[in-house]
Structure formats: structure tokens, C-alpha cells
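Going by the UniProt record's numbering, 78 is the number at position 78 of the sequence shown; the sequence numbering is gapless.
Glycine included, every Cβ here is placed at the ideal spot set by N, Cα and C.
Written out below as C-alpha cells is the structure these notes cover.
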Amino acid sequence: MRFNYLKHITDGLDKPGLFSELMMTYGKDVWHYAYFMTKRRDLADDITQDVFVKVYEHLDTFRGGSSVKSWLLTITRNTSLDYLKTAWIRRVQLVPSWFRQDYQRSAENEWFSSEEKNHIWSLVLDLPRKQREVLLLFAHHHLSMKEIAELLELSEGTVKSRLHRARQAMGSLMSASLSERSE
């Protein structure tokens with residue numbers, strides 16, 4: 001009999017209960033990652049459904065060698081790449097918490113804030129997939145360099161390099177965008 005790591009760490013929840021807990025906890029992360037891999041909401045919906053079907057069928061295979069989140073995002077990445085290869089071809093916040101303000105904002109400020117977030121996301125979507133993927137995993141999903149390297153099957157140096165290039169590209173894109181807006 002195999003040792004079921006997830007069942008062990010969740011105090012023996014039954015499979016449907018554990019599955020429900022995983023969906024509630026990580027469903028948005030899976031969907032967002034699928035969306036940024038494919039740039040299509042309909043595919044993100046399909047991929048998210050496929051990921052959780054795979055997870056349900058293979059819950060007992062999780063060994064705890066990585067975080068549950070890393071395991072789910074690895075499945076999401078592989079499923080997304082499969083979708084992209086076979087041509088079956090925003091609601092997240094990239095803006096860091098220190099950038100957000102906690103006071104009551106007017107409707108006008110809310111609109112401008114929303115527009116700015118949408119603009120930033122459109123710039124992120126303009127990045128090459130390899131840079132966009134690393135930036136998303138680091139900035140939104142808060143994975144460590146090591147976790148990103150394991151998930152993408154890359155060296156940590158490659159991850160750092162891609163993240164550096166993504167940041168440089170975002171800086172250039174944002175500077176160019178600001179210049180255009182001020183003209």
C-alpha cells in the first residue's frame with residue numbers, strides 16, 4: 001500500500017473533501033497560470049478543468065517532494081503546453097501590495113487604477129512566453145527561484161536570467177508607454 005502524503009497532511013480528509021479543498025485554495029492560481037500561458041480565457045477554463053480532473057485521478061501520487069502549489073502549477077504548465085502544441089488553441093493583480101493604497105478611493109481613482117492594472121497586464125502579455133512565465137510565477141505566485149526552476153525544469157541561473165530580462169523588458173515597455181502617454 002502506498003503512503004498518501006496529502007491524506008496524511010490533511011488529517012485524513014476523504015478524497016472528495018481533499019479535492020474540494022485543493023480547488024478552493026488553488027483554483028484561481030491554476031486558472032491564472034493557464035491564462036497567462038495561453039492568453040485565452042476559454043482555454044484557461046478548459047485547462048483548469050483538465051488539471052483538476054488529472055489531480056483528482058492522481059491525488060495519491062503526490063509525494064511531498066515539492067509544495068502542493070508547485071505540483072499543481074507543474075501539471076498546469078504541462079497541460080497548457082499540451083494544449084498549445086495541439087492547437088486547441090484578468091483578474092489577477094500583478095501590481096505589488098506596496099503599490100496598492102488602503103484608503104477609500106473615488107470612482108474616478110478606481111477607474112484610473114483599473115485602467116493602470118489593465119495596461120500593466122497588457123504589457124506583461126507582450127513579453128515573450130519564457131519571460132512572461134517566469135515573471136508571473138515569481139511576482140504573482142510568489143514561488144522561489146528554486147521552485148520555479150524545478151517547475152520549468154531549468155537551472156536556477158536560467159530562471160534568474162529570464163526574470164532579469166523580463167524585468168528589464170517591463171521597465172522599457174513601461175518607460176515607452178509613459179512617454180507615449182505624456183505626449
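Nearest-angstrom beta carbon gap, residue j and residue i [assumed within contact, 8 Å]
i, j, result
"M23", "F52", "6 Å"
"D50", "T79", "5 Å"
"Y83", "T38", "6 Å"
"E147", "S67", "7 Å"
"residue 189", "L72", "Because the chain is modelled from 1 through 183, residue 189 falls outside the range shown and cannot be assessed."
Under the three-state DSSP convention, the category residue i falls into
i, result
"L84", "helix"
"F62", "coil"
"E115", "helix"
"H140", "coil"
"residue 221", "No answer is possible for residue 221: it lies beyond the span of the chain, which begins at 1 and ends at 183."
"S122", "helix"
"E147", "helix"
Alpha carbon of residue i to alpha carbon of residue j, nearest angstrom
i, j, result
"L137", "K130", "11 Å"
"A149", "G27", "22 Å"
"R118", "H32", "The sequence given here has Asn at residue 118, not Arg. When rounded, the distance between both Cα atoms is 14 Å."
"M174", "Q168", "10 Å"
"A34", "A166", "19 Å"
"N4", "F62", "Bear in mind that a pLDDT of 47 at N4, under 50, signals an unreliable position, so the number given afterwards is only what the model happens to contain. Rounded to whole angstroms, N4 to F62 spans 7 Å at the Cα level."
"W121", "R132", "10 Å"
"G171", "H142", "20 Å"
"A176", "L81", "31 Å"
"I89", "T76", "Annotation note: pLDDT 35 at I89 (below 50); position unreliable, coordinate value reported separately. So the two alpha carbons sit approximately 15 Å from each other."
"D42", "F36", "12 Å"
"M145", "L18", "28 Å"
"A139", "L163", "10 Å"
"E116", "D14", "44 Å"
"S155", "E57", "30 Å"
"R54", "L127", "Note on residue identity: the sequence assigns Lys, not Arg, to residue 54. Roughly 29 Å separates the two Cα atoms."
"G65", "L59", "14 Å"
Under 7 Å between C-beta atoms of residue i and residue j
i, j, result
"S70", "L151", "yes"
Short CB-CB distance (under 7 Å) between residue i and chain B
i, result
"Q131", "No chain B is present in this structure, which holds just one protein chain."
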